[in-house]
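Below is one structure, written out as structure tokens; the observations come after it.
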Amino acid sequence: MAVTLIPTESAVVTPLRSTPSRDRHRRGAARWVVLALVTLAALAMLVPFAFMLLNAFKSPTDYSSGGPLSWPTEFYTKGLRTYWTTVNFPLKVWNSALIAGSVAVLGVVVSLLNAYALGIGRVRGRLWIVGLFLLANMLPQEALIYPLYYVAKEIGLYNTRLSVIIIFTVIQSAFGTYLLASVLSTFPRSLLEAAALDGAGKWTVLWRVVFPNLRPTLAVLLIFFFIWTWNEFLIPLVMLIDNQTQTIPVALASLQGDRLMDAPTTNAGALISLVPAILFFLIFQRTLARGITAGAEK
1 MAVTLIPTES
11 AVVTPLRSTP
21 SRDRHRRGAA
31 RWVVLALVTL
41 AALAMLVPFA
51 FMLLNAFKSP
61 TDYSSGGPLS
71 WPTEFYTKGL
81 RTYWTTVNFP
91 LKVWNSALIA
101 GSVAVLGVVV
111 SLLNAYALGI
121 GRVRGRLWIV
131 GLFLLANMLP
141 QEALIYPLYY
151 VAKEIGLYNT
161 RLSVIIIFTV
171 IQSAFGTYLL
181 ASVLSTFPRS
191 LLEAAALDGA
201 GKWTVLWRVV
211 FPNLRPTLAV
221 LLIFFFIWTW
231 NEFLIPLVML
241 IDNQTQTIPV
251 ALASLQGDRL
261 MDAPTTNAGA
271 LISLVPAILF
281 FLIFQRTLAR
291 GITAGAEK
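Residue numbers (UniProt numbering): 1 to 298.
This is the structure we're talking about:
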């Protein structure tokens with residue numbers, strides 16, 4: 001005869017649940033650990049800049065006797081003055097700003113037009129074309145430098161800022177086209193159909209419907225294109241051989257000779273060259289944050 005055991009109320013074991021205060025404490029501890037790790041990583045990234053600042057105001061004598069880690073015995077500013085006058089720093093800032101600003105604006109415009117045709121226009125073979133843009137963006141500059149040099153020589157654009165502007169506009173717009181085409185491929189069709197019912201043409205749809213919705217993304221691309229072009233070195237080094245057309249990275253590299261390098265002057269030049277990029281980032285930091293946040297929300 002089978003006997004069935006019925007558990008009484010006192011025998012039922014209730015699983016323990018963590019209290020809200022305990023969960024909050026655990027989350028708080030994990031948050032502090034993450035914050036500490038991020039702070040250490042930020043400090044580690046600032047170490048090279050601290051060395052650069054230290055050696056920018058160190059005399060060659062202090063550098064040769066004490067090394068890069070020694071504290072300077074005097075506040076040495078001749079390196080800053082030497083770099084400013086030797087490379088004609090204001091002209092180099094103008095060249096870099098002109099090239100980077102032109103590439104940023106033209107790259108965004110070309111990317112928008114290409115992506116509008118590929119993402120909304122539904123061009124035949126769109127996926128293959130977008131893949132080609134992605135492949136072109138992955139090509140190393142070393143593989144492109146000789147054809148670009150030869151073409152610039154043949155058409156008379158060698159040693160001109162226009163040649164660098166054209167080259168980097170094409171390079172940056174390849175990435176911009178790939179990114180914007182992916183975004184526009186998911187653009188709400190209801191907005192396009194409503195604009196078509198109102199009699200809007202393709203250009204009206206582009207500037208009145210598509211452009212306002214893509215404005216945060218375009219602002220982020222504009223900032224990235226400017227910073228990327230500002231820091232470019234190889235192509236400007238090959239294309240710009242005249243002192244009147246060179247950019248800041250090329251001018252900074254010109255301080256390093258074959259057998260001699262003035263380390264304090266080089267550090268002073270790197271410090272001055274970093275200031276415009278930092279100012280640009282600080283000015284457009286809020287625009288960059290808004291663009292990234294808007295893209296995340298969409």
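Heads up, the beta-carbon is just placed ideally off N, CA and C, and yes, glycines get one too.
According to the neighbour-count rule (16 or more other Cβ atoms, all chains shown, within 10 Å of its Cβ), is M138 buried or exposed? exposed
Span of the alpha helix (DSSP H) holding D62? 60 to 66
Cβ of V250 within 8 Å of Cβ of L271? no
Shortest alpha-carbon distance to I227 belongs to which of F49, I248, N243, V210? Cα-wise, what sits closest to I227 is I248.
Nearest-angstrom Cα distance between T266 and I241? 20 Å
Can you have a look at L255 and say buried or exposed, based on whether 16 or more other CB atoms are within 10 angstroms of its CB? Buried, since its Cβ has 16 or more Cβ neighbours within 10 Å.
Using a Cβ-Cβ cut-off of 7 Å (strictly less than) and excluding sequence neighbours within five positions of F57, which residues of its own chain qualify? P72, F75, Y76, T77
Between A174 and G67, what straight-line distance do the alpha-carbon atoms span, to the nearest angstrom? 45 Å
Do V170 and T217 count as a contact pair if the criterion is CB distance below 8 Å? no
Quick check: what's the CA-CA separation for I283 versus L222? Computed Cα separation, rounded: 13 Å.
Count Cβ pairs between the region 79 to 88 and the region 97 to 107 that sit closer than 8 Å; are there 3 or more? no
Take the Cβ of V130 as the centre, count every other Cβ of all protein chains shown within 10 Å, and call the residue buried at 16 or more, exposed below. That one is buried.
Neighbourhood of N185 by C-beta distance below 6 Å, restricted to the same chain and skipping five residues each side: First, the residue type needs correcting, since residue 185 is Ser and not Asn in the sequence shown. Cβ within range, chain order: G119.
Run through DSSP, which three-state label would S70 get? coil
Look at the alpha carbon of K153 and the alpha carbon of S102, and state the distance between them as a whole number of angstroms. 22 Å
Closest to G269 by C-alpha separation, out of F49, P140, F168, would be which residue? That would be F49, whose Cα lies nearest to the Cα of G269.
Measuring CB to CB, does V108 end up less than 8 Å from F280? no
For S10, which three-state DSSP category applies? Bear in mind that a pLDDT of 49 at S10, under 50, signals an unreliable position, so the number given afterwards is only what the model happens to contain. Helix.
My output table needs one value for N231: the three-state DSSP class, helix, strand or coil. Taken through DSSP and simplified to helix, strand or coil, N231 comes out as coil.
Pull up the distance between the alpha-carbon of I165 and that of A117, whole angstroms please. 24 Å
Does the Cβ-Cβ distance between N55 and A200 come in under 8 Å? For the pair N55 and A200, the CB atoms are not nearer than the 8 Å cut-off.
For the alpha helix (DSSP H) containing P140, list its first residue and its last residue. Here P140 belongs to no alpha helix (DSSP H), and DSSP marks it neither H nor E.
Where the alpha helix (DSSP H) through F175 begins and ends: 161 to 184
Assuming A195 contacts V205 under a Cβ cut-off of 8 Å, what Cβ separation, rounded to an integer in Å, is found between them? 5 Å
CB-CB under 7 Å to A136, same chain, minus the five flanking residues each way: which ones, in chain order? Only residues of its own chain outside the window of five on either side were considered, and among them A174 have a CB closer than 7 Å to the CB of A136, listed in chain order.
Could you compute how far the alpha carbon of V275 sits from the alpha carbon of L180? 31 Å
Start and end of the alpha helix (DSSP H) containing R189? Per DSSP, the unbroken alpha helix (DSSP H) holding R189 starts and ends at 189 to 197.
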